[in-house]
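Enquirer: Shown below is the structure under consideration.
Protein chains: 2
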Amino acid sequence: MGLIVQKFGGSSVADAARVRNVASIIIDTYKQGNDVVAVVSAQGDTTDDLIEKAAELNPKASKREMDSLLSAGEQMSSALLAMAIEAEGYPVVSLLGWQAGFRTDNVYGSARIKTVQPERLKNEIGKKNIVIVAGFQGLNGFDDITTLGRGGSDTSAVAIAAALHADRCQIFTDVEGVYTADPRKVEGTKKLAEITYDEMLELATLGAQVLNNRSVERAKKYNVEVEVLSSLKRVPGTIVKEVAKMEKMLIRGVTKDTDVARISVIGVPNTPGIAFKLFSKLAAKNINVDIILQSVGRNDTKDITFTVAKSNGELAVQTITDSFDLEEGSVVCDTNVAKVSVVGAGMETHPGTASKMFEALYEKDINIQMISTSEIKISVLINAEDADKAVSAVHKAFFPVD
Amino acid sequence: MGLIVQKFGGSSVADAARVRNVASIIIDTYKQGNDVVAVVSAQGDTTDDLIEKAAELNPKASKREMDSLLSAGEQMSSALLAMAIEAEGYPVVSLLGWQAGFRTDNVYGSARIKTVQPERLKNEIGKKNIVIVAGFQGLNGFDDITTLGRGGSDTSAVAIAAALHADRCQIFTDVEGVYTADPRKVEGTKKLAEITYDEMLELATLGAQVLNNRSVERAKKYNVEVEVLSSLKRVPGTIVKEVAKMEKMLIRGVTKDTDVARISVIGVPNTPGIAFKLFSKLAAKNINVDIILQSVGRNDTKDITFTVAKSNGELAVQTITDSFDLEEGSVVCDTNVAKVSVVGAGMETHPGTASKMFEALYEKDINIQMISTSEIKISVLINAEDADKAVSAVHKAFFPVD
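Protein chains in written order, with my numbering: chain R, 5 to 406; chain Z, 5 to 406.
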């Protein structure tokens with residue numbers, strides 16, 4: 005018995021049957037004596053359909069109007085989910101983001117939550133209502149609707165859990181939890197019972213599409229215990245919290261990220277501050293840089309190689325070409341790469357994780373182009389076509405199949 | 005130059021091409037130096053589609069949740085229309101009902117506007133923004149979204165025009181104005197240049213689907229000059245105002261209403277107050293009664309006949325059967341009827357209007373079942389299959405084809 009915040013993504017409410025399934029999960033939780041606040045995304049392809057409609061009228065529509073348009077998606081799904089719960093005879097009320105107290109900054113399209121004013125939520129819970137909240141949206145200082153950006157419903161759920169001091173925040177998805185690798189592609193994967201916020205953050209950043217990054221950051225900041233679990237199969241999921249049991253594992257998982265482009269800048273003058281200038285030009289264009297490698301080139305030059313998100317590849321090349329007086333062909337973008345990583349807080353105190361990973365790759369004859377390490381992860385950049393083979397090999401090295 | 009409020013219905017914004025057409029009407033008005041506030045309905049079948057989706061999950065969904073669901077329709081169309089105007093390079097902002105200051109009573113599904121707080125509207129107009137407002141919706145005392153009921157966007161537009169003291173409120177439809185009869189069915193109809201509020205109210209009530217009734221009442225109350233005109237053909241429409249030029253016409257139009265059921269109650273005891281009891285029972289069920297006819301029956305009984313909307317027919321029969329101890333078969337509902345009316349403020353001072361109407365019907369051998377008159381209209385109840393013939397005959401009598 006307690007207060008449970010639940011979040012259901014777009015595929016979990018894609019049609020009437022799935023909406024009914026979600027309603028039954030919520031009702032079961034309520035019947036066990038819990039107060040329930042459920043955050044819901046837009047149904048299935050609603051958001052994409054709306055984006056398409058907007059593009060037909062104006063490919064450069066303002067983000068303010070896009071936010072007003074897209075937030076209608078969650079408005080519809082939240083009302084429909086409430087109706088499905090009404091149909092079963094339980095007390096329920098749906099609230100839009102602004103009704104649920106979400107106040108954000110003024111960045112349309114990817115607003116950050118400033119605060120959740122919980123009066124209305126508390127009031128409805130006090131009346132023993134199940135509360136359905138339209139995720140992904142809030143209200144800014146101009147009294148205009150903002151959206152939190154894609155995946156923002158996770159953040160909505162965690163923010164409510166934090167504001168209400170909920171006992172748990174359950175994120176329902178189409179997987180059963182967080183695995184040591186993608187179970188659809190790698191043999192012998194294991195579902196993790198627990199994982200720390202930091203590990204989850206690394207996994208999210210590295211391409212495990214389970215939880216939105218901002219939501220994990222917020223969960224960590226407010227110490228909200230998050231459970232990732234399936235909306236289709238009712239079994240315990242993975243709990244994300246500050247200190248997690250290690251289950252005798254050094255690492256938590258092996259991930260692959262193919263949304264990577266490698267930019268090579270060849271023949272940069274070998275003068276002080278050149279790297280700073282280069283990366284500050286990129287930062288000014290809001291291009292996030294990941295792995296960086298700097299090497300001595302021919303004569304008085306050096307080569308700088310780094311990775312960015314694929315969608316930023318062209319812009320990065322353009323920015324550097326415009327900013328520096330380089331020979332033609334000296335800025336190269338390679339999108340045929342993938343980043344494979346091992347993540348785990350255990351590795352800091354256990355030497356040999358890196359060598360074990362490299363050995364596994366060597367045995368499969370996979371060439372490592374770049375390496376990046378942090379306290380809880382090791383990433384390598386390799387050819388895209390080797391990625392799945394690499395994940396399997398590395399996973400097998402750390403999680404031997406019994 | 006002035007402040008113009010415009011309203012565009014669902015068919016006027018049904019697809020991208022029509023949205024662009026509406027955008028061009030708004031922009032033309034703005035370019036002529038006017039401030040423009042445009043109220044928009046949901047696109048095409050959006051509202052019906054949402055109602056269907058809701059019915060699939062819960063045929064008895066609460067009206068509160070229905071309002072939250074349906075108001076998303078206008079939210080989407082208003083943002084899309086704003087984007088289409090942005091695409092042409094004009095300053096524009098879309099506002100939801102609550103952002104535009106609509107405060108309503110708490111009757112979900114058919115809320116009445118209590119006030120329009122015009123601060124935000126004035127603020128946006130002051131910035132020289134074209135303002136697009138999501139029609140049909142407001143906010144009640146619980147901070148919940150309400151809808152004004154079908155046709156409510158007309159009322160939204162008139163309410164804004166009243167609150168802002170607009171110079172004119174233009175209601176764009178798929179007809180060019182108000183005609184002396186339905187031009188698709190009757191030969192030789194004429195478009196009226198002007199018409200009074202009272203005449204328009206009678207026409208609306210009598211089945212001319214041009215303007216929503218509540219919107220005309222509100223326009224009369226606040227003396228808002230309304231123009232009904234076409235969004236497809238740019239010609240002057242019909243102006244609705246307090247005093248209209250009569251153009252030498254006694255009557256304004258001939259209308260037909262087939263949404264009528266005639267209830268006959270035969271053999272009611274001929275005791276005082278029986279009619280009062282009967283109609284108060286119906287009123288308690290929210291059944292509006294229109295034409296009433298009371299006649300002496302056999303023995304000590306009388307017969308009472310009246311008309312109601314078709315959708316209320318069964319309920320009316322049930323209510324009376326449950327309330328009075330009558331012989332079986334003595335309450336009869338006939339839905340095969342139609343009401344044909346002539347409307348015009350001129351008829352009060354010109355005797356002979358009724359006889360002219362009756363003569364036209366007599367010549368076509370059409371039997372009159374019931375008659376009802378007011379200061380500005382005469383209605384007759386006839387067989388449904390005679391309705392079109394009756395309208396044509398009566399129209400011809402009052403508007404001879406040259």
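Glycine is no exception: its CB is placed at the ideal position from the N, C-alpha and C atoms.
Going by C-alpha distance, which of Z/152, Z/223 and Z/401 is nearest residue 357 of chain Z?
Expert: Minimum Cα distance to residue 357 of chain Z is reached at Z/401.
Enquirer: What three-state label does DSSP hand residue 54 of chain R in the structure shown?
Expert: If DSSP states are grouped into helix, strand and coil, residue 54 of chain R belongs with the helices.
Enquirer: Starting from residue 174 of chain R, trace the beta strand (DSSP E) both ways and give me its first and last residue.
Expert: Start and end: 172 to 177.
Enquirer: Ordered along the chain, which non-local residues of its own chain (more than five positions away) have a Cβ less than 7 Å from that of residue 203 of chain R?
Expert: So the qualifying residues of the chain are 256, 347, 348, 349 and 380.
Enquirer: Using the C-alpha atoms, what's the distance from residue 310 of chain R back to residue 113 of chain R?
Expert: Approximately 28 Å, taken between the alpha carbons.
Enquirer: Which partner residues of residue 137 of chain R appear in the DSSP bridge assignment?
Expert: Residue 137 of chain R pairs with R/43 and R/99.
Enquirer: Verify whether the separation of the beta carbon atoms of residue 243 of chain R and residue 221 of chain R is less than 8 Å.
Expert: Their beta carbons are not under 8 Å apart, which means residue 243 of chain R does not touch residue 221 of chain R by this criterion.
Enquirer: Nearest chain Z C-beta to residue 72 of chain R closer than 8 Å, yes or no?
Expert: Chain Z, which has a Cβ nearer than 8 Å to the Cβ of residue 72 of chain R, makes this yes.
Enquirer: Identify each residue in the region 78 to 99 of chain R for which the Cβ-Cβ distance to at least one residue of chain Z is less than 7 Å, and report them in chain order.
Expert: Listed by position along the chain: 79, 80, 83, 84, 86, 87, 88, 90, 91 and 98.
Enquirer: Using the Cα positions of residue 292 of chain R and residue 343 of chain R, report the straight-line distance between them to the nearest angstrom.
Expert: Using only the alpha carbons, I get a separation of about 15 Å.
Enquirer: Would you report the Cα separation of residue 382 of chain R and residue 57 of chain R, rounded to the nearest angstrom?
Expert: If you take the alpha carbons of residue 382 of chain R and residue 57 of chain R, they lie about 42 Å apart.
Enquirer: Note down, in chain order, every chain Z residue with its Cβ under 7 Å from the Cβ of residue 23 of chain R.
Expert: Those are 61, listed as they occur along chain Z.
Enquirer: Below 8 Å on the Cβ atoms is my contact criterion, and I expect residue 198 of chain R with residue 166 of chain R to pass it. Report the Cβ-Cβ distance as a whole number of Å.
Expert: With a Cβ gap of about 20 Å, residue 198 of chain R and residue 166 of chain R do not count as contacting.
Enquirer: Taking only beta-carbon positions, decide if residue 66 of chain Z is within less than 8 Å of chain R.
Expert: Chain R, which has a Cβ nearer than 8 Å to the Cβ of residue 66 of chain Z, makes this yes.
Enquirer: Starting from residue 127 of chain R and walking both ways along the alpha helix (DSSP H), at which residues does that stretch end?
Expert: Element bounds for residue 127 of chain R: 123 to 130.
Enquirer: Are residue 2 of chain Z and residue 281 of chain Z touching if we call contact CB-CB under 8 Å?
Expert: Chain Z is shown from 5 up to 406; residue 2 of chain Z falls before or after that span and cannot be answered.
Enquirer: Using a cut-off of 9 Å between C-beta atoms, extract the partners of residue 20 of chain Z located in chain R.
Expert: Neighbours of residue 20 of chain Z on chain R, chain order: 57, 60 and 61.
Enquirer: Along the chain, where does the alpha helix (DSSP H) that runs through residue 186 of chain Z open and close?
Expert: Where residue 186 of chain Z is concerned, there is no enclosing alpha helix (DSSP H), given that its DSSP letter is neither H nor E.
Enquirer: Using the rule of at least 16 other Cβ atoms within 10 Å of the residue's Cβ for burial, across every protein chain shown, is residue 130 of chain Z buried or exposed?
Expert: Under this definition residue 130 of chain Z is an exposed residue.
Enquirer: Can you list the residues of chain Z that residue 103 of chain R reaches, using a CB-CB cut of under 8 Å?
Expert: In chain order: 147 and 148.
Enquirer: DSSP three-state call for residue 168 of chain R: helix, strand or coil?
Expert: Here residue 168 of chain R sits in coil by DSSP.
Enquirer: Is residue 298 of chain R helix, strand or coil by DSSP?
Expert: Three-state result, residue 298 of chain R: strand.
Enquirer: Can you tell me which of the three DSSP states residue 217 of chain Z falls into?
Expert: Note: residue 217 of chain Z maps to helix in three-state DSSP.
Enquirer: Would you decide whether residue 79 of chain R is buried or exposed? Buried here means 16 or more other CB atoms lie within 10 Å of its CB.
Expert: It counts as buried.
Enquirer: Taking a contact to mean a Cβ-Cβ separation below 8 Å, would you say residue 308 of chain R touches residue 385 of chain R in this structure?
Expert: Not in contact: residue 308 of chain R and residue 385 of chain R (Cβ atoms no closer than 8 Å).
Enquirer: Look up residue 400 of chain R in the DSSP assignment and say whether it is helix, strand or coil.
Expert: Correct three-state label for residue 400 of chain R: helix.
Enquirer: Compile a chain-ordered list of the residues in the region 29 to 57 of chain Z whose CB is closer than 8 Å to at least one CB of chain R.
Expert: Cβ contacts with chain R come from 54 and 57.
Enquirer: Looking at C-alpha atoms only, which residue of R/364, R/16, R/91 and R/369 is the closest neighbour of residue 180 of chain R?
Expert: Minimum Cα distance to residue 180 of chain R is reached at R/16.
Enquirer: Near residue 289 of chain R, what residues of its chain come up, given a Cβ to Cβ distance below 7 Å and the 5 sequence neighbours on each side ignored?
Expert: Correct list, in chain order: 319 and 323.
Enquirer: Which whole-angstrom value describes the C-beta separation of residue 59 of chain Z and residue 14 of chain Z, a residue pair presumed to lie in contact below a C-beta threshold of 8 Å?
Expert: About 19 Å; that fails the 8 Å criterion.
Enquirer: Give me the chain Z residues within the contact set of residue 123 of chain R, using Cβ-Cβ distance strictly less than 9 Å, ordered along the chain.
Expert: Residues of chain Z passing the Cβ test: none, with the nearest at roughly 10 Å.
Enquirer: Ordered along the chain, which non-local residues of its own chain (more than five positions away) have a Cβ less than 6 Å from that of residue 178 of chain Z?
Expert: Correct list, in chain order: 15.
Enquirer: Output, in chain order, the set of chain Z residues within a Cβ distance shorter than 8 Å of residue 191 of chain R.
Expert: What residue 191 of chain R touches in chain Z: nothing, since even the nearest Cβ is about 41 Å away.
Enquirer: To which residues of the same chain is residue 65 of chain Z closer than 7 Å at the C-beta, ignoring the five residues directly before and after it?
Expert: Hits under 7 Å: 58.
Enquirer: Let's see if you can read the secondary structure: which residues bound the beta strand (DSSP E) around residue 24 of chain R?
Expert: Unbroken run through residue 24 of chain R is the alpha helix (DSSP H), 20 to 35; no beta strand (DSSP E).
Enquirer: Please state if the CB of residue 144 of chain R and the CB of residue 193 of chain R are separated by a distance shorter than 8 Å.
Expert: Taking 8 Å as the Cβ cut-off, residue 193 of chain R and residue 144 of chain R do not qualify as a contacting pair.
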